[in-house]
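S.K.:
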Amino acid sequence: MSNAPTETAVDERIKTRSRFREAMIRPELGGIVGTVAVFTFFLLFAFDSGMFNSQGIMNWTTVSAQFMIIAVGACLLMIAGEFDLSVGSMIGFAGMLIAIFSVTLSWPVWLAILATFALCIAIGALNGYIVIRTGLPSFIVTLAFLFILRGFAIFLPQVIERKTIIGGIKDVAEGDWLAPIFGGKIFTGLFQWMGDTGIIAVFERGSRKGQPVVDGIPMLIVWAIILVIFGHILLTKTKFGNWIFAAGGDAEAARNSGVPVNKVKVLMFMFTAFCATVFAVCQVMEFGSAGADRGVLKEFEAIIAVVIGGALLTGGYGSVLGAALGALIFGVVQQGLFFAGVESSLFRVFLGVILLGAVILNTYIRRIITGER
Amino acid sequence: MNPEKAPIIQMKNIEKHFGSVIALAGVSLEVFPGECHCLLGDNGAGKSTFIKTMSGVHQPTHGEIYFEGKPMSFGDPRDAISAGIATVHQHLAMIPLMSVSRNFFMGNEPVKKVGPMKFFDHERANQVTMDEMRKMGINLRGPDQAVGTLSGGERQTVAIARAVHFGAKVLILDEPTSALGVRQTANVLATIDKVRKQGIAVVFITHNVRHALAVGDRFTVLNRGQTLGTAQRGQITPEELQDLMAGGQELVALEGSLGGTV
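Going down the list, the sequences are from chains C and X. All you need for my numbering is the position in the first sequence, starting with 1, plus 1359. All you need for my numbering is the position in the second sequence, starting with 1, plus 699.
1) So, for Gly-740 of chain X: in the same chain, excluding its five sequence neighbours on each side, which residues have a beta-carbon less than 7 Å away from its beta-carbon?
2) So for Leu-1348 of chain C, helix, strand or coil by DSSP?
3) Under 9 Å between the Cβ atoms of Cys-1434 of chain C and Val-1618 of chain C?
4) According to DSSP, is Ala-845 of chain X helix, strand or coil?
5) What residue range is occupied by the uninterrupted beta strand (DSSP E) comprising Gln-925 of chain X?
6) Taking any Cβ of chain X, which residues in the region 1581-1598 of chain C have a Cβ under 9 Å from it, in chain order?
7) Sort C:Thr-1420, C:Ala-1661, C:Asp-1555 and C:Pro-1577 by Cα distance to Lys-1568 of chain C and report the nearest one.
8) Can you tell me the Cβ-Cβ gap for His-788 of chain X and Asn-1615 of chain C, rounded? I've got them flagged as a contact below 8 Å.
9) For Met-1360 of chain C, decide whether its Cβ has a neighbour in chain X, counting only Cβ atoms nearer than 9 Å.
10) What are the boundary residues of the beta strand (DSSP E) that includes Asp-873 of chain X?
11) Please go through the same chain and pick out, in chain order, the residues whose beta-carbon is closer than 8 Å to the beta-carbon of Ile-750 of chain X, but skip the five residues on each side of it.
12) For Ile-1540 of chain C and Ala-1583 of chain C, what's the separation of their Cα atoms in angstroms?
13) Taking any Cβ of chain X, which residues in the region 1600-1624 of chain C have a Cβ under 7 Å from it, in chain order?
14) Measuring CB to CB, does Ser-781 of chain X end up less than 9 Å from Gln-758 of chain X?
15) Can you tell me where the beta strand (DSSP E) holding Ser-727 of chain X begins and where it ends?
16) Restricting to Cα atoms, I'd like to know which of C:Ile-1491, C:Ile-1459 and C:Leu-1715 is closest to Gln-1517 of chain C.
17) In whole angstroms, what is the alpha-carbon distance linking Ile-1528 of chain C and Thr-848 of chain X?
18) Applying the 10 Å Cβ sphere with the 16-neighbour rule, what's the burial state of Phe-1546 of chain C?
19) Out of C:Arg-1707, C:Val-1587 and C:Trp-1466, which has the shortest C-alpha to C-alpha gap to Leu-1684 of chain C?
20) At a Cβ cut of 7 Å, what residues of the region 1654-1681 of chain C count as close to chain X, listed as they run along the chain?
21) Can you tell me whether DSSP reads Gln-709 of chain X as helix, strand or coil?
22) Can you give the Cα-Cα distance for Ala-885 of chain X and Gly-898 of chain X, rounded to whole angstroms?
23) Per DSSP, Ile-837 of chain X forms a beta bridge with which residues?
24) Curious, which full-length beta strand (DSSP E) runs of at least 3 residues does the region 1618-1657 of chain C contain?
25) Residues of chain X with CB under 7 Å from Ile-1728 of chain C, in chain order?
26) Out of curiosity, what's the CA-to-CA distance linking Lys-817 of chain X and Pro-706 of chain X?
27) Please report the residue range of the alpha helix (DSSP H) in which Ala-1484 of chain C lies.
28) Where does His-761 of chain X fall in DSSP's three states?
29) If the criterion is Cβ atoms closer than 9 Å, does the pair Met-1455 of chain C and Ala-1651 of chain C meet it?
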């Protein structure tokens, strides 16, 4: 390399970066800052509103966990370079399927749940297949499914049961082995003990006198934690995770390097459908009923959580932990405003503002990473 | 070239038709290990179609491909890559948002087993990446530096180093210098020279005669889907090569008014 003598020397044009700037280019940064800000705010302004007693904590944790479950799927899919706008409709549709299978058709609940998972994941695969075969933007394809699935979620119960809400699932789920995996609670003994020793509040009167007001961790939260950990490890610690980044970063370059881009994308559509179905099953088991309007707008809430968490809308960059923090911010603010007694419509204003802020921050971070100007 | 060496890849009378369009009308070419074979031609001459046939993207309509003496037909690029034919595309080689290390091992991730599960071995990937980059003369801040921060020439070099590391025997470079500045072009040409000296066959596609003459051992010119012949280094002048590429006389008339600057 006689023609490039200075090459082994340090290039004087590369500025050494400060630690601060290094920390800046973590995708989770926005999520971490937002979480700290949100908690600081509510600790200052809503501390004695009941938001931070056992019941209050359980309240916003549950809401956050709901967002997390769908955000994990949306996050991995967005990093792989695609969107799924049918998540919300999928939640309504999946819930309705379980109700129809178990209540109307009297199938055992475990079979209804498994059949619903199979069907919904297959629809996810179909979404992905159409996207990769036609080359159409996933935005359009899944927008079509947003309407198709919502249409069926309303049509099916009306035709079969002549109503839009099917109840009675709690009764048929009694004694089922699979239902508690979604609708049960864990650590009930621990919470009883905490109630007995006075760490957490107990009911003072009524039929449940002496029982703790929070009697366990709902499986919904357990699912959220498992999915976040799974998604994070899959994305950052495995070969497949590298393929997810590659598929979303530049599908053509990834293909040239032998990454099975189509397979990765279809699998991520299926995983997103899986997450939506987990959400639906947990919700149906908790409420004991399925409603045709469940999950409306959830697809956008998932995408917002993911973007707050630092993922780029264009794909190829993001973090599951960030998305989880985005979901936490989402849940805390939504419930916190309620505790603080703020008019709930202001939540949407907040959401719009924080979304815009997050997108601008992400664009800035992207420029730092790629050195674009 | 060493005449007793066998060619590593031979393309015989390759024809490729797309519907009624004849993109390649019988192109023959052989490449020897350790040589840099330049494939020249103007836009639309069929260079891209030809190398896509070589790398398994297209199947030839007629003609035969011999790889290491044996007839070969590649069903898809995967086959060609596993046989040892690697292609480095001008733009489509690297993902700017991903780290150098993640890019380097894209599609070939090293894994370590923890119990029944396999994880991406980041430690090994980072170490190999840093070593390979040092060999190629690229100083990284760290293996997690994003490819987006590298210059165009450095990106090409990373892509070439990657192909070599994963055992390429034939390296197809699709216009690696066409979008680069002078200094970066020099770096890429130096990299090609290094790779050739390791005994790897390089197929260097370009339409810049000077770049070709800088590193090429042999030169094949394509025009309108046909070979206009192969010349050895030293047997041909830049002017002759330029004329061949332009398909004969047209450029000569033009060149007069341009004062030989093309």
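All residues carry an ideal CB built from backbone N, CA and C; glycine is no exception.
M.R.: The short version:
1) Result list for Gly-740 of chain X: Lys-746, His-906, Val-920, Leu-921, Asn-922 and Met-944, in chain order.
2) As displayed, chain C neither begins before 1360 nor continues past 1732, which places residue 1348 of chain C out of reach and without an answer.
3) Taking 9 Å as the cut-off, the beta carbon of Cys-1434 of chain C is found no closer than this to the beta carbon of Val-1618 of chain C.
4) Here Ala-845 of chain X sits in strand by DSSP.
5) That run of the beta strand (DSSP E) goes 925-931.
6) Of all residues in the region 1581-1598 of chain C, only Ile-1592, Thr-1595, Lys-1596, Thr-1597 and Lys-1598 come within less than 9 Å of chain X when Cβ atoms are compared, listed by chain position.
7) For Lys-1568 of chain C, the nearest C-alpha among the options comes from C:Asp-1555.
8) Between Asn-1615 of chain C and His-788 of chain X the Cβ distance is about 6 Å, and since that is below 8 Å, they are a contact.
9) At Met-1360 of chain C the pLDDT is 38, less than 50, meaning the model places this residue with poor confidence; the figure from the coordinates comes in the next sentence. Closer than 9 Å: yes.
10) Annotation for Asp-873 of chain X: the continuous beta strand (DSSP E) segment containing it runs 869-873.
11) These residues qualify, in order along the chain: Leu-738, Thr-786, Ile-871, Asp-873, Val-902 and Ile-904.
12) Rounded to the nearest angstrom, the two C-alpha atoms are 13 Å apart.
13) Cβ contacts with chain X: Gly-1600, Asn-1601, Phe-1604, Ala-1605, Gly-1608, Asp-1609, Glu-1611, Ala-1612, Ala-1613, Asn-1615, Ser-1616, Gly-1617 and Val-1618.
14) Not a contact, by the Cβ cut-off of 9 Å.
15) Here the beta strand (DSSP E) through Ser-727 of chain X covers 720-730.
16) If you compare the alpha carbons of C:Ile-1491, C:Ile-1459 and C:Leu-1715 with that of Gln-1517 of chain C, the shortest gap goes to C:Ile-1459.
17) C-alpha separation (whole angstroms): 56 Å.
18) Per the 10 Å Cβ criterion, exposed.
19) Of C:Arg-1707, C:Val-1587 and C:Trp-1466, the residue nearest in Cα terms is C:Val-1587.
20) Listed in sequence order: Gly-1675 and Tyr-1676.
21) For Gln-709 of chain X, the secondary structure class from DSSP, reduced to helix, strand or coil, is strand.
22) If I take the Cα positions, the gap works out to 21 Å.
23) Ile-837 of chain X pairs with nothing; no bridge assigned.
24) Annotation note: the region 1618-1657 of chain C contains no uninterrupted beta strand (DSSP E) run of length 3 or greater.
25) Going along chain X in sequence order, the residues near Ile-1728 of chain C (Cβ under 7 Å) are Leu-796, Ala-845 and Gly-847.
26) Lys-817 of chain X and Pro-706 of chain X have their C-alpha atoms some 40 Å from each other.
27) Secondary structure note for Ala-1484 of chain C: its alpha helix (DSSP H) is the uninterrupted segment 1468-1493.
28) Three-state result, His-761 of chain X: strand.
29) Judged by beta-carbon spacing, Ala-1651 of chain C lies within the 9 Å limit of Met-1455 of chain C, meaning their Cβ atoms are closer than that value.
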